[in-house]
Amino acid sequence: MKASRVDIVTVAGLGLLLMPLLTIWHEVGGHAAACALQGGRVIEIGAFYADCDGLAGLPRRVVALAGVGANTLLALAAYALWRRARGDFAKLLLWLVWVSEGFVAAGYFLFSGASGVGDLGPGVDGGIGPLAHPGLWRIGEFLFGLCAYIWLVRSAIRSLTAMLGDSPATKATRSTIAHGYYLVAGVAAVLTGLLNPVGLFILLMSAAASSFGGLAGFISIGFAVPKGATETGFAVGRRWPLFVAGLLATLAFALILGPSIRFGA
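In our numbering, each residue carries its 1-based index in the sequence shown increased by 780.
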């Protein structure tokens, strides 16, 4: 059986393509859609935030929860499709989507539980706050997020092994996929975040937190090398058109949504 191999240019292209698409899914398909569907008014959309006006109480909390809900739904759908996928490229693409979206969803519980702010923050400044006993909510969110994140990392390692095999010879391919994708997606997100008009808060709390923070499980995945003897011959070659498409997608995302789009007066 030939050794598993995945080209780094293709992985970089996937990182450049998925970073903006998955972020838009969270902000527009999640927050902005929930705002509009409940009769609210979306007044501004940036690369890493959506601002909704005209809602209070439960509807406002639904908007805050909708981003994580969108991540979770896409993760489940991509996982179901990944299990049925046949081609190696399709498997790689769907694996990156469900793992990324799962990490981000679990990461929001961890982040809001630890900080008290963000979409799931239960305090006065949090997305679902103010709630009674915010300290207890934060502890519960943090513990749930931690357990979910650890489970996702282990599941991702097992599923990657199912694709590549369990031979130590797959080490380089694992690193190319996990570390290459993590680095490219993270750098692209942070560079885009530099263009936001809100300032350092969005850069640190959204762009950096959701990329380098939320996707940090990929670091462990890239270093997790089993000690078996099988290889599957999993192979994804170099795809320059994908890289160019990813580069254009990230540039468009950064130049259009980086500075934000404001609606109405």
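Note that CB positions come from ideal geometry on N, CA and C, so glycine has one too.
- Annotated three-state conformation of GLU1011 is coil, per DSSP.
- Taking C-beta atoms under 8 Å as the contact rule, GLY847 and HIS811 qualify, at a distance of about 5 Å.
- The C-beta distance from GLY898 to MET985 rounds to 7 Å, short enough to meet the 8 Å contact threshold.
- Only residues of its own chain outside the window of five on either side were considered, and among them ALA886 have a CB closer than 6 Å to the CB of ALA928, listed in chain order.
- For GLU921, no beta strand (DSSP E) segment is defined; the enclosing uninterrupted segment is the alpha helix (DSSP H) at 914-944.
- 7 Å or more divides the Cβ of VAL933 from the Cβ of GLY1013.
- One thing to note: GLY1038 has its Cβ within 7 Å of the Cβ of ALA827.
- Taking 7 Å as the cut-off, the Cβ atoms of LEU872 and VAL1016 count as close.
- The beta-carbon distance between GLY945 and SER784, rounded to whole angstroms, is 6 Å. This is short enough to meet the 8 Å contact definition.
- Considering only ILE1001, SER990 and GLY973, the residue with the shortest C-alpha distance to GLY960 is ILE1001.
- Annotation for GLU824: the continuous beta strand (DSSP E) segment containing it runs 821-826.
- Beta-carbon to beta-carbon, CYS815 and LEU838 are separated by about 13 Å, too far to satisfy the 8 Å threshold.
- Residue ALA968 holds the alpha-carbon nearest to the alpha-carbon of SER991 among LEU974, ILE1041 and ALA968.
- Residue range 829-833 is occupied by the beta strand (DSSP E) that includes ASP833.
- Judged by DSSP in its simplified three-state form, VAL970 adopts helix.
- When DSSP states are grouped into helix, strand and coil, VAL786 belongs to the strand group.
- Of the residues SER892, TYR829, GLY909 and ARG1019, the one whose Cα lies closest to the Cα of GLY920 is SER892.
- Between PHE1003 and VAL789, the CB-CB gap reaches or exceeds 7 Å.
- About 4 Å separates the beta carbon of GLY882 from that of ALA855, a gap short enough to meet the 8 Å contact definition.
- Note: ILE1041 is bridge-paired with ILE825 in the DSSP secondary-structure output.
- Note that the C-beta distance between LEU995 and TYR962 is below 7 Å.
- When DSSP states are grouped into helix, strand and coil, VAL897 belongs to the coil group.
- Cβ contact annotation for GLY809 (same chain, cutoff 7 Å, sequence separation greater than five): ALA850, in chain order.
- The beta carbons of ILE823 and PHE1043 sit about 6 Å from each other, so the pair counts as a contact at 8 Å.
- The DSSP-derived three-state label of VAL1005 is coil.
- Shown here, VAL978 sits in coil according to DSSP, grouped into three states, outside any helix or strand.
- For the 7 Å CB-CB criterion, VAL879 and ALA936 form a contact.
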